[in-house]
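What follows is one structure encoded as structure tokens, with my remarks underneath.
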Amino acid sequence: MKTTSRRQSKASTMSSISFLALLSACSTSLAIPINLPDVDEVVKCPMVREIDFTTEIEIADPNVAREWNEVSGLAVSPTQIAPSGAPVMWGHNDGRDRAEFGTNFAAWDPITGERLMTFILPYNETSDPPLVNQDWEDMTIGSCGNTEEEVGETCIYLADLGDNYASDQINTSIRPSDRPYRIYKIKEPVLNAYARTSAKSISYPVTTVTALEIDYLHDTSPARTGNSEGVFLDHAGWGKGGAVGDIYIVTKSRDFGRLYKVPAGAWPTNGQTQAKYSPEVVGSNYDDGEFKRFLWTSASMSWDGTKIIMGTIHRNYVFLRCPGQTVEEAIVGRDACMIWENPPEAADNRKQFEAVAWYPDGNTVLNIAESLTQTPRIVKVNFDYTFPPRFCPAVAFNSTGPQGTICQTMPTPYDGESFVSQTVPDSWCVDSFAYWGSSAPSIAASDSPSSTPSGAPSVSAVPTATPTTPEPTINYFFGDLDFSDDKVEDDES
């Protein structure tokens, strides 16, 4: 494989001096009822440390209708390791592979670019509806969801949701009437279960496929059609109504873009292989909605559930999600905590990036562009969490207030003297403690100054916010990030 160049991120961070000063301020000026969490016990937004695009993928494949030049969906295996020691990377081509052998997806080594194996769904032009690649636009991976037995299993989801006309013209569609929007769910193939001697010369069939037909007819949907190029799976299930295995669909439209939620329970059960579902809109930019007005082409959630990336062909936007937040609370009406540009050198002159996926450890993201005139390169974005641009607060239950036990934010080593505790939904405490695998810290009556040993921090010294509603509007994030010079409104595809 050919190599090109790599470049260092120009992202700025606060200096080590200001960071130490901030730590000093926290340790000397704030009286708190529980110990400060360690810096490793804070959910943080990363900064880009390095972007590497030295690896070309192996595009030649005798099993596909065309070479792997237009990869528009990526996923990274949580359990399988490629020969290089990196996790296995899955990918599929963009739509228009409607002929036989078009329903393929493949596994690569993300470090060497070697194609490891190719798999094929059972193409069926005459089934009702047909199983084809009408316009596969993205893929995601995670819990098989739905039943208790399936929650711990890993599935790949292939999204046949592309519909280019629907991006710019409301309620129009380029798809034939017998080609409904669909998501296919399959068990993640285990590469070691197949013979490696002939692995690259044949396409292995996937015999069991579950299909969920999607329409946009829910009462909350402002349009009956959609060009959806980003899907991601919720690995955490935090917040009201959330579950591990929920799938979120991101449409590509500047004027009526939407974020749809497909619950894990929408999939067929009891041996059925097909179902139909009308997902609810949980975010929209239509009619002054607060969903970001960008032409989204990719999306992925980190495996711990705390970060969501959504990308356009030019840029990638990271949204921080604190334990206890729903997906929509983390995205809709929120600004990204970090943004980076896709390297134009890693693509042909179209510069069309349409796929993104997280490594299981949360330290690396993979990206790839559709490239018709040059071999696509795998973009590896490596992160650093030392000086986060934003972070989630620590939380604890407080049972000392007049309103009974409530969940309150607590300072972290990154907070300064201006920190003010706020009341947050109870789910923040419950999910945060589950996330860290710890027992729930609490501010109990026995922690009051009268019963606190000499020299211990005082509860009464912590400023609190009295709740006025069951789930008050709060400032979820702490820390400042200025992207005023980023031409986000010019993001286009």
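Here our numbering runs 103 ahead of the position in the sequence shown, where the first position is 1.
Ideal Cβ placement from N, Cα and C applies to all residues, glycine included.
Item	Value
Best match in 432, 462, 240 for proximity to residue 342 [C-alpha to C-alpha]	432
Which listed residue (393, 313, 390, 459) has its alpha carbon closest to that of residue 372	313
Rounded C-alpha distance that separates residue 382 from residue 288	17 Å
Given 8 Å, three or more beta-carbon pairs between the region 344-364 and the region 290-309	no
Endpoints, the beta strand (DSSP E) within which residue 401 is located	401-404
Rounded C-alpha distance that separates residue 410 from residue 484	15 Å
From 182, 177, 198, 186, residue whose alpha carbon lies closest to that of residue 192	177
Euclidean distance between Cα positions of residue 319 and residue 365	11 Å
Residue from 226, 336, 349 whose Cα sits closest to the Cα of residue 461	336
Inter-residue Cα distance where the pair is residue 162 and residue 208	12 Å
Of the residues 255, 256, 280, the one placed nearest residue 266, counting alpha carbons only	280
Pairwise C-alpha distance: residue 399 and residue 357	9 Å
Close Cβ partners of residue 223 (< 6 Å) along its chain, the five nearest in sequence each way excluded	206, 207, 306, 308
Own chain partners of residue 325 with C-beta closer than 8 Å, once the 5 adjacent residues on each side are dropped	273, 359, 361, 384, 387, 389, 390
Where the beta strand (DSSP E) containing residue 443 begins and where it ends	441-444
CA nearest to the CA of residue 532, picked from 522, 525, 499	499
Three-state secondary structure (DSSP) of residue 179	strand
Of the residues 340, 141, 509, the one placed nearest residue 254, counting alpha carbons only	340
Backbone CA spacing between residue 282 and residue 521 [nearest angstrom]	57 Å
CA nearest to the CA of residue 239, picked from 230, 225, 197	197
Alpha-carbon to alpha-carbon, residue 407 and residue 538	8 Å
For residue 449 and residue 470, the rounded distance between their alpha carbons	10 Å
Residue closest to residue 164, alpha-carbon to alpha-carbon, out of 420, 220, 436	220
Three-state secondary structure assigned by DSSP to residue 452	coil
DSSP-derived helix/strand/coil call for residue 500	strand
Beta strand (DSSP E) runs wholly inside the region 266-317, at least 3 long, in chain order	284-290, 306-308, 313-317
Residue closest to residue 213, alpha-carbon to alpha-carbon, out of 234, 189, 369	189
Alpha-carbon spacing of residue 226 relative to residue 237, whole angstroms	11 Å
Three-state secondary structure assigned by DSSP to residue 168	coil
Residue interval of the alpha helix (DSSP H) (run including residue 370)	That residue, residue 370, is in no alpha helix (DSSP H); it is neither H nor E in DSSP.
Distance between beta carbons of residue 145 and residue 486, contact taken as under 8 Å	Not confirmed; about 15 Å, so no contact.
Secondary structure of residue 559, DSSP reduced to three states	Note on residue 559: pLDDT 26, under 50, position unreliable in the model; the coordinate value appears next. Reduced to three states, the DSSP call for residue 559 is coil.
CA-to-CA distance, residue 244 to residue 296, given in whole angstroms	19 Å
From 452, 404, 396, 215, residue whose alpha carbon lies closest to that of residue 429	404
Neighbourhood of residue 124 by C-beta, 6 Å cutoff - its chain only, sequence neighbours within 5 removed	Its pLDDT being 31, under 50, residue 124 is placed unreliably by the model, and the measurement read from it follows with that caveat. Nothing listed; no residue qualifies.
Reference residue 370; option with closest CA among 333, 329, 315	315
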